[in-house]
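Those protein sequence lines, which keep their order, are chains A and B. Reading the first sequence from the start, the letters are residues 933 to 1046 in my numbering. Reading the second sequence from the start, the letters are residues 933 to 1046 in my numbering. Since the structure comes first, as structure tokens, the remarks are kept for the end.
Protein chains: 2
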Amino acid sequence: MSNNNLIKGSLQTIILKLLEENDRMYGYEITQKVKELTEGEIKITEGALYPALHKLEAEGMLTTEIEQVDNRVRKYYSLTKDGQKEVSAKMSELQSFVGNLQRILDPEWKPGLA
Amino acid sequence: MSNNNLIKGSLQTIILKLLEENDRMYGYEITQKVKELTEGEIKITEGALYPALHKLEAEGMLTTEIEQVDNRVRKYYSLTKDGQKEVSAKMSELQSFVGNLQRILDPEWKPGLA
DNA sequence: AAATAATACCCAATTTTCTTATGTATATAA
DNA sequence: TTATATACATAAGAAAATTGGGTATTATTT
């Protein structure tokens, strides 16, 4: 995850949101997508990603399909019904948290302003 | 910290920034300030706060003065020189992280817009 | 008067979530 | 042929929180 100790707790939200937008993705693809979107600033490590994916699957948020592509195994993840609900929940949690952070850290901040 | 598992990693930044703004504060005061600024939405637990304060002190970011107020002991914290530098560092880290988060989670997002 | 809440500090056990390091395997580029 | 990219995975350890205690004084409720 590079030198960022701030992801703690938001990795699940990232995974769920990307899967909402992309319908189905495999693990490696997720790491590359995040790297691309943040211009290399956030790198999700495999040691964090795979356990998180397995946990979300165990909780019934994701389902998997394994596919063979060029002799390589890919494990595609997609949202379940529960997973779809969870995206909204996690997203509004995160948004309210970021709002609260700004209220604490930026005394000038008002909602709706840059 | 109430029902918010997202603070992970940002508590130090919160402490340092509040001390930058308020010159000196004691632990309990910090919990109340955060509660007030977020209208009760973020509650810093003492089990998280005190270890964090002690760690920052051990790292040389904070100094303490103990005072007696109404037969109660208060431990006031303030920023050291190193602590003052650290505030800026932590704040820009956090800002860039939040920016990256938005790039991942909000495909429409552009910097400088609400 | 007694119980509860608020103020004010603290620690220990446990849990969650990450980092770091390692392992397996195929394909491609230097 | 060696390194890089693709693609999965696990395990040991560290960091940072939660949960649940403990001590003590003061203020407020019942």
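For every residue, glycine included, the Cβ atom is placed at its ideal position computed from N, Cα and C. Being a predicted model, the structure only gives us computed values, none of them experimental.
Enumerate in chain order the residues of its own chain whose CB-to-CB distance from GLY959 (chain A) is below 7 Å, with the five nearest sequence positions on each side excluded. LEU981, TYR982, LEU985, LYS1007
Proximal residues, the region 939-968 of chain B versus chain A, C-beta separation under 9 Å: ILE939, LYS940, GLY941, SER942, THR945, ILE946, LYS949, LEU950, GLU953, LYS965, VAL966
Using the Cα positions of ILE1036 (chain B) and LEU1037 (chain A), report the straight-line distance between them to the nearest angstrom. 22 Å
Can you tell me whether DSSP reads ARG956 (chain A) as helix, strand or coil? coil
With distances taken Cα to Cα, identify the nearest neighbour of MET993 (chain B) among B:LEU951, B:SER942, B:PRO1043, B:LYS940. B:LEU951
If you follow the beta strand (DSSP E) that ILE974 (chain B) is in, where does it begin and where does it stop? Unbroken run through ILE974 (chain B): none, as it is neither H nor E.
Out of curiosity, what's the CA-to-CA distance linking THR945 (chain A) and LYS1022 (chain B)? 23 Å
Identify whether GLU1025 (chain B) lies in helix, strand or coil by the three-state DSSP scheme. helix
Taking a contact to mean a Cβ-Cβ separation below 8 Å, would you say SER1028 (chain A) touches LEU1033 (chain B) in this structure? no
Identify the continuous beta strand (DSSP E) that holds LYS1007 (chain A) and give its terminal residues. 1004-1011
Quick one: is LEU1033 (chain A) near chain B, going by C-beta distance under 8 Å? yes
Since LEU994 (chain B) sits in a beta bridge, which residues does DSSP pair it with? B:LEU1011
If you count every other CB in all the chains shown that lies within 10 Å of the CB of LYS1013 (chain B), and 16 or more means buried, which is it? exposed
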